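Visitor: In our numbering, the protein residues as written are 716 to 1042.
From the three backbone atoms N, C-alpha and C, an ideal C-beta is built for every residue, glycine too.
Owing to the predicted nature of the structure, the values given are computational and were not obtained by experimental measurement.
The structure's right below; bear with me while I get my questions together.
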């Protein structure tokens, strides 16, 4: 599969690094408004994950990675990017700017959006509903990192115990959408300094969760709290269940899923760990078993996730699945 990347921010760069050694997939063209020398530098050096061992340089034609050169364009609009010249079959839309169907159709090929969008043909959480993608669905949303954290354990518990209602709160590290100092933003809380404050705010995950798990539509509410941490997040998920649960029964069904159909996607931790211990974790969701609580018909669990690294691995998994389905 020949892939183009639009946007080499945190997700775009992480995706490129993750996909680079995968023989099933090949990145053939790039687009970003930043200069090639800047992007090459940020690919080589990363404040979270350290240096990338693969040689990266900016060249007149674009960016050279491991001796292979990919063209780099600087188009402001998807409709201006000449993906067809490079045989691109799927575009990973990772700018965070284009979410409407009209804008995304400007790519003129299949699109995998790295954000939630109600205008997508389908919102997908790999491991849960990816096999339901229909051949004619060419605009897919990979939802959000928080959705990928919440859905696997929620899906497992709903299947076993039934969920009457669900509340979740993601305690999320700050990101590029916030500011280092107080500065005007429409969201007055996000307008405050991201590295100095605990900031309650909204999350796009609620609607995406209902799209992935339609049987729970109208039963899920969520929020976010941004905290002064640079990487790794956690989500607190509270379910009111229909059938009797116990800590042992909850643990058993989660373990069964983690060892079975959700292996590599859902994980369990039995140690007393903190956020940095999950840096570079490739799981979408790691349930912290020492923090599991069951009180009558309420189940509360804490799930950790590296909101970048786990997410980009699911992007690669999804594209590899789509490639395998074509062959």
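Can you find the residues in the same chain that come closer than 6 Å, C-beta to C-beta, to residue 998, ignoring five residues on each side of it along the sequence?
Guide: Indexing the chain shown from 1 puts residue 998 at position 283. Counting only Cβ-Cβ distances below 6 Å, and skipping sequence neighbours, we find 982 and 1025.
Visitor: With the cut-off set at 8 Å, would you say residue 748 and residue 718 are in Cβ contact?
Guide: Numbered from its first residue, the chain shown carries residue 748 at position 33. Numbered from its first residue, the chain shown carries residue 718 at position 3. No, these two residues do not count as a Cβ contact at 8 Å.
Visitor: Do the region 750-764 and the region 726-735 touch if we need at least three Cβ pairs shorter than 8 Å?
Guide: Cβ pair count under 8 Å is three or more, so yes.
Visitor: Touch check for the region 934-945 and the region 803-817: three-plus C-beta pairs under 8 Å?
Guide: Judged by Cβ distances under 8 Å, the region 934-945 makes no contact with the region 803-817, as fewer than three pairs qualify.
Visitor: What residues in its chain sit with their C-beta under 7 Å from that of residue 769, if we drop five residues either side in the sequence?
Guide: Numbered from 1 along the chain shown, position 54 holds the residue referred to as residue 769. Same-chain partners within the cutoff: 735, 780 and 781.
Visitor: Taking just the CA atoms, how far does residue 819 sit from residue 788?
Guide: For the purposes of this step, residue 788 is taken as residue 73 along the chain shown, with counting starting at 1. For the purposes of this step, residue 819 is taken as residue 104 along the chain shown, with counting starting at 1. Cα to Cα, residue 788 sits roughly 17 Å from residue 819.
Visitor: Tell me the residue span of the alpha helix (DSSP H) that contains residue 733.
Guide: The residue labelled residue 733 in the question sits at position 18 within the chain shown. From DSSP, the alpha helix (DSSP H) with residue 733 extends over 725-734.
Visitor: From what residue to what residue does the alpha helix (DSSP H) around residue 790 run?
Guide: As a first step, residue 790 is located in the chain shown; it is residue number 75 there, counting from the start. Note, residue 790: premise wrong, no alpha helix (DSSP H); not H, not E.
Visitor: Taking the beta strand (DSSP E) that residue 906 falls in, what are its first and last residues?
Guide: Residue 906 sits at position 191 when you count from the first residue of the chain shown. It is not in any beta strand (DSSP E) - residue 906 carries neither H nor E in the DSSP assignment.
Visitor: Any idea what DSSP makes of residue 1019, helix, strand or coil?
Guide: Within the chain shown, residue 1019 is the residue found at index 304, counting from 1. Three-state result, residue 1019: strand.
Visitor: Threshold first: 3 residues or longer. Then list the beta strand (DSSP E) segments lying entirely within the region 747-818, N to C.
Guide: Listed in chain order, they are 771-774, 777-780, 783-788 and 805-808.
Visitor: Assuming residue 879 contacts residue 957 under a Cβ cut-off of 8 Å, what Cβ separation, rounded to an integer in Å, is found between them?
Guide: Within the chain shown, numbered from 1, the residue matching residue 879 stands at position 164. Within the chain shown, numbered from 1, the residue matching residue 957 stands at position 242. Going by Cβ atoms, the distance from residue 879 to residue 957 rounds to 6 Å, so yes, they are a contact pair.
Visitor: Compute the Euclidean distance between the alpha carbons of residue 847 and residue 992, then round it to the nearest angstrom.
Guide: Reading the chain shown from its first residue, position 132 is the one you call residue 847. Reading the chain shown from its first residue, position 277 is the one you call residue 992. Those two C-alpha atoms are separated by around 34 Å.
Visitor: Between the alpha carbons of residue 829 and residue 897, how many angstroms are there, rounded?
Guide: Locating residue 829 in the chain shown gives position 114, where the first residue counts as 1. Locating residue 897 in the chain shown gives position 182, where the first residue counts as 1. Going by the C-alpha atoms only, they are around 27 Å apart.
Visitor: Kindly indicate the opening and closing residues of the alpha helix (DSSP H) around residue 888.
Guide: Your numbering for residue 888 matches position 173 in the chain shown. First-last for residue 888: 878-888, but that is the beta strand (DSSP E), not the alpha helix (DSSP H).
Visitor: Report buried or exposed for residue 887, applying the criterion of at least 16 other Cβ atoms within 10 angstroms of its Cβ.
Guide: What you label residue 887 is simply residue 172 of the chain shown in a count that begins at 1. The residue in question, residue 887, is buried, as its Cβ has 16 or more Cβ neighbours within 10 Å.
Visitor: Leaving out five residues before and five after residue 973 in sequence, what residues of the same chain have Cβ atoms less than 7 Å from its Cβ?
Guide: Within the chain shown, the letter at position 258 stands for residue 973. So the list reads 981, 982 and 983, once near-sequence residues are dropped.
Visitor: Is it true that the region 859-871 meets the region 963-979, where meeting means three or more beta-carbon pairs spaced less than 8 Å apart?
Guide: As far as the Cβ criterion goes, the region 859-871 touches the region 963-979, which means the pair count is three or higher.
Visitor: Since residue 884 contacts residue 938 with CB under 8 Å, what's their CB separation in whole angstroms?
Guide: Residue numbering aside, residue 884 sits at position 169 when the chain shown is read from its first letter. Residue numbering aside, residue 938 sits at position 223 when the chain shown is read from its first letter. Yes, they are in contact, since the Cβ atoms of residue 884 and residue 938 sit about 5 Å apart, within 8 Å.
Visitor: In its own chain, which residues sit with a C-beta less than 7 Å from the C-beta of residue 899, not counting the 5 before and 5 after it?
Guide: Your numbering for residue 899 matches position 184 in the chain shown. So the list reads 906, once near-sequence residues are dropped.
Visitor: For residue 928 and residue 914, what's the separation of their Cα atoms in angstroms?
Guide: Here residue 928 is taken as the residue at index 213 of the chain shown, counted from 1. Here residue 914 is taken as the residue at index 199 of the chain shown, counted from 1. Approximately 28 Å between the Cα atoms of the pair.
Visitor: Using 10 angstroms around the beta-carbon of residue 918, count the other beta-carbons present and answer buried if the total reaches 16, otherwise exposed.
Guide: Taking the first residue of the chain shown as 1, we reach residue 918 at position 203. Residue 918 comes out buried.
Visitor: Could you tell me which residues DSSP puts in a beta bridge with residue 716?
Guide: Counted from its first residue, the chain shown places residue 716 at position 1. Answer is none; residue 716 lacks a bridge partner.
Visitor: Would DSSP call residue 892 helix, strand or coil?
Guide: As a working mapping, residue 892 is identified with position 177 in the chain shown. Correct three-state label for residue 892: coil.
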